[in-house]
Every structure is written in structure tokens, then in C-alpha cells.
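Asks: Protein chains in written order, with the working numbering: chain A, 1 to 270; chain B, 1001 to 1302. For each residue, glycine too, the CB sits at the ideal point set by N, CA and C.
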Amino acid sequence: MKKNENIIPAILGFILAFVWLVPLVWLIGTAFSKASFAMSLVPNSGFTLDNIIYVWQNVPFGKYYMNTILIVVVTFSVQCVTGTLAAYALATMKFRGEKLVFLIIFIQIIIPNDVLIIPNYRTLSDLKLTDTKLGIMLPFFGSAFGIFLLRQTFKTIPLALSEAAIIDGCSTLQIIRNIYLPSSKAAYISFGLVSVSYHWNNFLWPLIVTNSPENRTLTVGLALFAKSKEAVMQWANVCAATFIIIFPLVLAFFIFQKKFINSFVSSGIK
Amino acid sequence: MARTSNVRKGLSKQLEIDLKAWLFIAPALAFILTFTVYPILRSLWLGMNQLEMGMPKPYFVGFQNYVQLASEPLFWKVMRNSFAFSLLTVLPSMALGIGLAIIVNKKIRGVGFLRTAYFYPAVMPMIAIASTWMFIYMAQYGMLDQLLASLGLKSLNVLSSKKTVLPALSLMYIWKEAGYLMIFFLSGLQNISTEIYEAAKIDGARPWTTFRKITLPLLAPTMLFVSTIALTNSLKLVDHIVIMTEGAPNNASTLLLYYIYQQGFIYFDQGKASSLTVIMLVIMLTVSMLQFIKTDTKIYYN
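Written out as C-alpha cells, the structure is:
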């Protein structure tokens, strides 16, 4: 009975899934097959690693990888420190000016960073930080999303626990480390997945800030390659380059699909 | 005597808490103030200045930038384009998002695979999506034109025609966004109790009636919230323009944020770019305020 009821949505669902997967299948297929003049959905020219090797040798993707990993890791680490401290105060203390703090943090939720490229770039040049990796990261060191997410989680931890710890002579930082951090692992994982995906994929700000291959990220590198003269009509190479920059994240997503989706649901407040 | 000292003790205790709280918040707040609040104020100021390439200092001109923008046909074209792009993407991707959520909310074998297939574009960078779709849309050799040719139709070359460029970009964006919006509707659907559906079934309600009379009204709060996300996302989208069209043909695909980028970093007219930033800030603010005004008046709770 129940099975029959779901047969139409199931068929429709699989047809849509097929349509949704076409670009990815084509992208991977083309990246790994011999370059051909005609474009076809199912590659028909034989498997090869030439495109990947060519792109890897001609574009400094290794350097871009190192830059992107560094940016993603440092940004998230700093966000964790600033976010944890702020969230702890907002979750456990009643203090004067609380509303003002919420208002300021809330502004970041409404105004996405991308809109502020002009004034932020000027700030960066005042600080002499243009064309640096630090300049790419700096505007993101305070994350409103992270603060709200962690605060929500910290609120569920009973205050009695930390009161007992204070009697035992624990300092606030010890309380955070020994009580709050271990009980909020899931929130930190969500925060991490959203933050890492955002910064791995971010494009406009790194494009504006960087000027030299020394500091470029993967997305900027791909954009420059895809628009370069040598890439015109060379879809096998562009697909190989695209594959190089997406596969870590897409692979991680295919493996940890549930965790990613749950984390992105909480990113709605971003 | 004892009482006053208690009060004083209470006061200094509160002061201690205040100080400690602000100390803990200070690092995060410092970054948010420097890179979100201060730049908003700075755009307001710069927007009232003339600041072009080669000018060492901004020159105050009041509202002249805005007056000039209002008289430029290109500015209005950009606003129309942005509005059209939002209109073409927000409603379809929301409708599709609801549809996908309903499908993956059913007990279907392989539902995890379906969810993965719909959602994966959300974890791909827009730049990668644009690089891929560029070949789908490419003139003559692209997948779309090849498909049309094999059906005996004329090739369209969608990215270089004024009429088709925005719809083509919208289609690509709907494909990326629908799966992302799906997850919010899915969690909305999972919050609706199954009892209501069972009751409707006993009463003999048809699926379409159930959808219209139960699912949609109960999803209303989610829809409101999702529409803000979708609208904000579509307005701030610019990566695909950089890769695929750079505003071509004849600015038919120039969107507001791309226009800001172009004025500020290609033509180095930072005064004008700042006025445009202020206009965009007002739009962003209005979009998020809409949500608050409406939530008070119309909401269905479970």
C-alpha cells in the first residue's frame, strides 16, 4: 500500500536526480578523457590523465592549494577562539550593553561581506595588507553565525556544572575548556563545515585582494585560467582545472552527506 | 551599614561581570566593528565624495553622486537586471525547493542518494559551476546548442543574446540554489506532525488538497525565512558574471554587485561605487526587515 503511494514521487525523484547530476558527470568525464573536438555527454574518447597533468604543470595549483588550505584553517581557528569567548559571555552572563552587542552582531547577519568590498578594500590598504593572505582572512575573524550557533549550544549546558567547577577552583577558561568545549562538539563540526565550505568557495573578496600568484586562492586561480586565452575552446583542460578545485569538498560531501546538510540547515541564520 | 556595603558589593560584583563579559566579547566585536559596522559608515561618507583614479583625496560633493546615478540610463538598466534576476530565480528555486523537499521527505529507497544529488551544487563554488555551465551554453559547440542541432533546431548561443542571457544565468542558478533551499523546507516539513496528515487521509482528502490546505500553510513561516535567504543570496551573486559574461551583451547581464565591482576595481571610480554600495545596503536592509514585519502578522504555528 505504502509503496504504491510513493512510486510516482520516486520515479520523478530519480529523473530529477539524473538531470541534477548531468553537469557533474560531464565535468568529471571530460576532465578524464582525451580532448576531442565535439562535446558529448558521455565521453567517447578514452581515459587519460593528460588534462589533469597539463593543468597541474601549467597553473600553480599546488601553490593555490596551500594558500587555500592555510586560509581556511587559520580563518576557522581564529573564528573558533573569538566565537567561543563571545558565545560564552552571551550564554552565561547578564551584563550591561548586552542588547547593543546583539545588535552589532546581528548587522553582520543581514549585511553580507561581499557588499562591503569597496570600504573594506580601503581599510585593507590603510593597513598595508592588500595582496596578503592575512588581508583575505581578516574581515572574517569575527563570525556572527559562529557566535549565535555556539551561544545556542552553550545555553543548553546547565550553569550548575560551571558553578560546581568554580567551587572546585576552576578558572573561566578552564571551565570553557573542560565543560563547554567537550559538550559542544557537534556545534563546532557544523560551524567548521559551513565556514570551510564558505572560504574554500569564496571568490570575489580574494579576487580583489590578491594581485600575485603567491597569495591567490583556488577559485581565483580557476577563474584566471578559465578566462585565459589558452583555455578558449579547451574544455577538457578547464574541466580538469575545475575538478582539481572542487574534488576535496565534493568528495567530503558525498561521504558525510547527512552531516553537511544538517550543518547547512543551521547556516540559515547566516 | 551592613546593607550599604552589601549593595556596594552587589554593584561592584555586577561591574566585574560587565567587564568580564565585554572582555570576552571584545575580540569578536573588534573584527565585526572594523569590517562590518565601520565600512557601512565609511560607504555613507565616501558615497558623498568624488573619488576617482589619480585623486589623492576624496572631494566632498554631497548627494551629487546619487543625482548623477539617477540620470544614468545604465544605472536603471542595472537595477532592472538585478530585479529581473531575483524574480527569475527566487520564486522558481523556492517552488522547486519545496518540490524536492516533499520528494526526499518520503520513504523512498535511495533517498540519501536523491538528497545528495540535489544538494551537491550547494557545496560547489559558483566559479566552478560557471566554468562548467559556460560549456553547456557555449555557442555552437556547447551542449545546449549541440542538443538543439541534433533536434534539427537553430543554435541559440544564449549568452550573447540580450533576451536570453539573464534567463540562461537564472536557470543555472536555480539548479544550484534549489537543493540548498530544499534542506530548509525539509526541516520545515519534518516539523509538521504526521497526525494532521493521517486525519486528512481519514477524511478522504486528495493529495493536492492536502498539499494546499495543510502543507503550504504550515510551511508559511519557513517560506518567509527562506525567501529572505534566497533574495539575499541572489542579490549578492556576482561570481558567475565575472566568469561567463562580464556584463555582456551590452550590459544586459550587469547586476548591481558586479556594477559596484566594475566601477570600483576596473574603472577605479570609488565615489560612485560607494554610492552604489549604499543603495545596495538599503536594499539588503529592506529585504531583511520585510521578514520581521511580516512574521508578526502572519504565521502558522504547529
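Using beta carbons (cut-off 7 angstroms, strictly below), is B/Ile-1299 in contact with chain A?
Replies: Low per-residue confidence applies at B/Ile-1299: pLDDT is 46, beneath 50, and the placement is therefore not dependable enough to give any value.
Asks: Counting only beta-carbon atoms, is A/Ile-111 nearer than 7 angstroms to chain B?
Replies: Closer than 7 angstroms: yes.
Asks: Assign B/Ala-1273 to one of two classes, buried (16 or more other C-beta atoms within 10 Å of its C-beta) or exposed (fewer than that).
Replies: By the neighbour-count rule (16 or more Cβ atoms within 10 Å), B/Ala-1273 is buried.
Asks: Could you please give the first and the last residue of the uninterrupted alpha helix (DSSP H) stretch that includes A/Asn-215?
Replies: Careful: A/Asn-215 lies outside any alpha helix (DSSP H) and carries neither H nor E.
Asks: Output needed for A/Ala-347: all residues of its chain with C-beta closer than 6 angstroms, excluding positions within five of it in sequence on either side, in chain order.
Replies: The requested residue 347 of chain A does not occur in the structure, where chain A is confined to residues 1 to 270.
Asks: Determine, using beta carbons only, whether B/Met-1079 comes closer than 7 angstroms to chain A.
Replies: It does not: the Cβ of B/Met-1079 has no partner Cβ on chain A nearer than 7 angstroms.
Asks: Classify A/Lys-229: buried if its beta carbon has 16 or more other beta carbons within 10 angstroms, exposed otherwise.
Replies: Classification of A/Lys-229: exposed, given that the 10 Å Cβ count is below 16.
Asks: Tell whether a beta-carbon distance below 7 angstroms holds between B/Phe-1185 and B/Gly-1097.
Replies: Cβ distance < 7 angstroms, so B/Phe-1185 and B/Gly-1097 count as in contact.
Asks: Quick one: which chain A residues come within Cβ less than 8 angstroms of B/Val-1037?
Replies: Those are Ile-104 and Ile-107, listed as they occur along chain A.
Asks: Against B/Met-1284, what residues of chain A qualify as contacts under a CB-to-CB distance less than 8 angstroms, listed in chain order?
Replies: Result: Ile-110, Ile-111, Pro-112 and Val-115.
Asks: Buried or exposed: where does A/Asn-51 fall if 16 or more other Cβ atoms within 10 Å of its Cβ makes it buried?
Replies: It is buried - the Cβ of A/Asn-51 has at least 16 other Cβ atoms within 10 Å.
Asks: Would a check of beta-carbon distances place A/Ile-261 closer than 7 angstroms to chain B?
Replies: Answer yes: the Cβ-Cβ gap between A/Ile-261 and chain B drops below 7 angstroms somewhere.
Asks: Answer with yes or no whether the minimum CB distance from B/Ile-1202 to chain A is below 7 angstroms.
Replies: Cβ-Cβ to chain A under 7 angstroms: no for B/Ile-1202.
Asks: Tell me which same chain residues have a C-beta within less than 8 angstroms of the C-beta of B/Tyr-1059, skipping the five on either side of it?
Replies: Closer than 8 angstroms at Cβ, skipping near neighbours: Asn-1049, Gln-1050 and Leu-1051.
Asks: What is the rounded straight-line gap between the Cα of A/Thr-82 and the Cα of B/Ile-1025?
Replies: Whole-angstrom Cα-Cα distance: 8 angstroms.
Asks: Looking at the strands, I want to know which residues DSSP matches up with B/Tyr-1059.
Replies: B/Tyr-1059 pairs with B/Gln-1050.
Asks: Taking C-beta pairs closer than 9 angstroms, name the residues in chain A that B/Asp-1269 reaches, listed in chain order.
Replies: Going along chain A, no residue has its Cβ under 9 angstroms from B/Asp-1269, so there is no contact; the nearest lies around 10 angstroms.
Asks: Among residues of its own chain, excluding the 5 on either side of B/Leu-1100, which ones have a beta-carbon nearer than 7 angstroms to its beta-carbon?
Replies: If we look at B/Leu-1100 and ignore the five residues flanking it on each side, its Cβ neighbours are Tyr-1118, Ala-1178, Gly-1179 and Met-1182.
Asks: Contact between the stretch 62–78 of chain A and the stretch 93–102 of chain A is defined here as three or more beta-carbon pairs at a separation below 8 angstroms; is this criterion met?
Replies: Output reads no: the stretch 93–102 of chain A does not touch the stretch 62–78 of chain A.
Asks: Just list the alpha helix (DSSP H) runs in the stretch 1187–1225 of chain B, keeping only unbroken ones of 4 residues or longer that don't cross its boundaries, in chain order.
Replies: Listed in chain order, the complete alpha helix (DSSP H) runs (minimum 4 residues) inside the stretch 1187–1225 of chain B are 1194–1202 and 1207–1210.
Asks: Closer than 7 angstroms, CB to CB, is B/Leu-1114 near chain A or not?
Replies: Interface residue, yes.
Asks: At which residue ranges does the stretch 1108–1185 of chain B contain complete alpha helix (DSSP H) runs of 4 or more residues, listed in the order of the chain?
Replies: Runs found: 1111–1123, 1126–1137 and 1143–1150.
Asks: Going by C-alpha distance, which of B/Phe-1135, B/Arg-1042, B/Phe-1265 and B/Val-1078 is nearest A/Ala-231?
Replies: For the residues B/Phe-1135, B/Arg-1042, B/Phe-1265 and B/Val-1078, the minimum Cα distance to A/Ala-231 belongs to B/Phe-1135.
Asks: Whole angstroms are fine: how far does the CA of B/Asp-1145 sit from the CA of B/Lys-1298?
Replies: The predicted model places B/Lys-1298 with a pLDDT of 46, which falls under 50 and marks its position as unreliable, so this point remains unresolved.
Asks: Taking the continuous alpha helix (DSSP H) assigned at A/Ala-165, which residues delimit it?
Replies: First-last of the alpha helix (DSSP H) with A/Ala-165: 159–167.
Asks: Using a Cβ-Cβ cut-off of less than 7 angstroms, give me the residues of the stretch 241–262 of chain A that come near chain B, in sequence order.
Replies: The stretch 241–262 of chain A vs chain B, Cβ under 7 angstroms: Thr-242, Ile-245, Ile-246, Leu-249, Val-250, Phe-253, Phe-254, Gln-257, Phe-260 and Ile-261.
Asks: By Cβ distance below 6 angstroms, which residues in the same chain neighbour B/Tyr-1173 in space, the five residues on each side in sequence not counted?
Replies: Counting only Cβ-Cβ distances below 6 angstroms, and skipping sequence neighbours, we find Thr-1089.
Asks: For A/Phe-203, which residues in chain B fall below 7 angstroms Cβ to Cβ?
Replies: Those are Pro-1125, Met-1126, Ile-1127 and Asp-1239, listed as they occur along chain B.
Asks: Out of curiosity, what's the CA-to-CA distance linking A/Asp-131 and B/Val-1165?
Replies: If you take the alpha carbons of A/Asp-131 and B/Val-1165, they lie about 33 angstroms apart.
Asks: Are the C-beta atoms of A/Met-137 and some chain B residue less than 7 angstroms apart?
Replies: So, not an interface residue.
Asks: Tell me which residues share the same chain as A/Gly-54 and place their Cβ nearer than 8 angstroms to its Cβ, disregarding the 5 neighbours each side in the sequence.
Replies: Correcting the residue identity first, residue 54 of chain A is Tyr in this sequence and not Gly. Same-chain partners within the cutoff: Asn-237 and Ala-240.
Asks: Below 7 angstroms on C-beta distance, what does A/Trp-235 contact in chain B?
Replies: Those within 7 angstroms of A/Trp-235 in chain B are Phe-1135.
Asks: 7 angstroms is my cut-off, CB to CB: does A/Leu-222 come that close to chain B?
Replies: Yes, its Cβ sits closer than 7 angstroms to a Cβ of chain B.
Asks: Can you tell me which residues form a DSSP beta bridge with A/Phe-14?
Replies: None; A/Phe-14 has no bridge partner.
Asks: May I ask you to report which of helix, strand or coil DSSP gives A/Ser-33?
Replies: Of the three classes helix, strand and coil, the one that applies to A/Ser-33 here is strand, per DSSP.
Asks: Return the chain-ordered list of same chain residues with a C-beta closer than 7 angstroms to the C-beta of A/Leu-27, the five sequence neighbours on each side being excluded.
Replies: These residues qualify, in order along the chain: Cys-239, Thr-242 and Phe-243.
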